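Numbering (numbering that gives the first Met the number 0), first residue to last: 0 to 259.
To keep things clear, I will list the structure first and then write my remarks on it.
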Amino acid sequence: MNDIALTSYIDPEAQLGQDLKIGPGAFVGANVILRDGCEIGQNATIQGPAIVGEGCRIFPNAVIGLEAQVVDLQSASGGVEIGAGTTIRETATIHRSMHQGQNTIIGRKCYIMVGAHVGHDSRVGDEVVLVNHCSLGGHAEVGDNSFISNFIGVHQRMRIGEGVILVGPIAVRKDVPPFVKMAGAPFRVVGLNVVGLRRRGVSAEVRAEIKRAYGILFNEPGTMAEKIEKIEAQAPLGVEIQSVVEFVRNSKNGIYQGRV
Numbered sequence: 000m001n002d003i004a005l006t007s008y009i010d011p012e013a014q015l016g017q018d019l020k021i022g023p024g025a026f027v028g029a030n031v032i033l034r035d036g037c038e039i040g041q042n043a044t045i046q047g048p049a050i051v052g053e054g055c056r057i058f059p060n061a062v063i064g065l066e067a068q069v070v071d072l073q074s075a076s077g078g079v080e081i082g083a084g085t086t087i088r089e090t091a092t093i094h095r096s097m098h099q100g101q102n103t104i105i106g107r108k109c110y111i112m113v114g115a116h117v118g119h120d121s122r123v124g125d126e127v128v129l130v131n132h133c134s135l136g137g138h139a140e141v142g143d144n145s146f147i148s149n150f151i152g153v154h155q156r157m158r159i160g161e162g163v164i165l166v167g168p169i170a171v172r173k174d175v176p177p178f179v180k181m182a183g184a185p186f187r188v189v190g191l192n193v194v195g196l197r198r199r200g201v202s203a204e205v206r207a208e209i210k211r212a213y214g215i216l217f218n219e220p221g222t223m224a225e226k227i228e229k230i231e232a233q234a235p236l237g238v239e240i241q242s243v244v245e246f247v248r249n250s251k252n253g254i255y256q257g258r259v
């Protein structure tokens, strides 16, 4: 049975699952799909097209699915898709895609804290944490299991690899490769995200291999392409090293470097 406050607004074209809780003053627009077990706090706004996965919790005054912040936006735009089990806290904002038929995507079991912003066409992986008042520009990408601390601004089209920790405040203007910790001024790699790697069951041996790969990328002479060839030639690559190599190979913005 759904528990829907009388003062909320549910558009007739919205599709509601079971066991929903929708608070006073909440707005659920046309073409919004709420899967089973969602909780929508008072005065939260969800405009469609939007899909909110099972068991999501959306807190008071969060705003999801409004149009992209693009000055010359002229055409009909796309939607938002939020994975199951994600939490979106007070006053957070998630804008829909600027392209019809496409979505801004939030993965499963993410935690988006107070005042955080996800710009249009961003792609956020599973189990990502966005801390209070951090901001992703349009078309930004964040890999699974990454943690972005408060007051970090990720410039549009930048890529954050999986398993990353970013410590701010700072503006991110390059791609951040997987499994690293970033901090300082100037902003740089200050080590591996050892805690995160341990939590995902990565052995000490594999962590050492990741460290050796970054030692080649950051410290040895040659182009990035030459360094990648050297890493690939050394031994059969595990999943984590493959992730690093492919991320660096596909970077169009350059990567942050430092020490591991």
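C-beta: ideal position from N, C-alpha, C; glycine also.
Just so we're clear, the structure is a prediction, and the values are computed from it rather than from any experiment.
| said: So, for L19: in the same chain, excluding its five sequence neighbours on each side, which residues have a beta-carbon less than 8 Å away from its beta-carbon? | reply: N1, D2, I3, L33, D35, G36, C37, E38 and I39.
| Between K226, I50 and Q233, which lies nearest to T85 when the distance is taken from Cα to Cα? | Proximity to T85 across K226, I50 and Q233 peaks at I50, based on C-alpha coordinates.
| message | Per DSSP, what are the beta-bridge partners of F146 in this structure? | response | In DSSP, F146 forms a bridge with V128 and I164.
| field | Rounded straight-line distance, which links the Cα of V27 to that of V175 | value | Distance between the alpha carbons of V175 and V27 is about 36 Å.
| message | Please give the ranges of any beta strand (DSSP E) in the segment 44-92, keeping only runs that are unbroken, at least 3 residues long and fully inside the region. | response | The segment 44-92 contains these whole beta strand (DSSP E) runs: 49-51, 62-65 and 78-81.
| query | Does the distance from the C-beta atom of H119 to that of A67 stay below 7 Å? | reply | In contact: H119 and A67 (Cβ atoms closer than 7 Å).
| Excluding sequence positions up to five away, which residues of its chain have a Cβ less than 8 Å from the Cβ of A83? | Result list for A83: R34, G52, E53, G54, C55, R107 and K108, in chain order.
| request: Determine the closest residue to V189 out of M97, K229 and G214, with distance taken between C-alpha atoms. | output: Just measuring C-alpha positions, the residue of M97, K229 and G214 sitting nearest V189 is G214.
| field | Distance between D10 and R197 (C-alpha atoms, nearest Å) | value | Cα to Cα, the separation comes out at about 46 Å.
| In this structure, does DSSP put S242 in helix, strand or coil? | Under the three-state reduction of DSSP output, S242 falls in the helix class.
| field | First and last residue of the uninterrupted alpha helix (DSSP H) at T0 | value | According to the sequence as given, residue 0 is Met; it is not Thr. Looking at the DSSP string, M0 is not in any alpha helix (DSSP H), and its letter there is neither H nor E.
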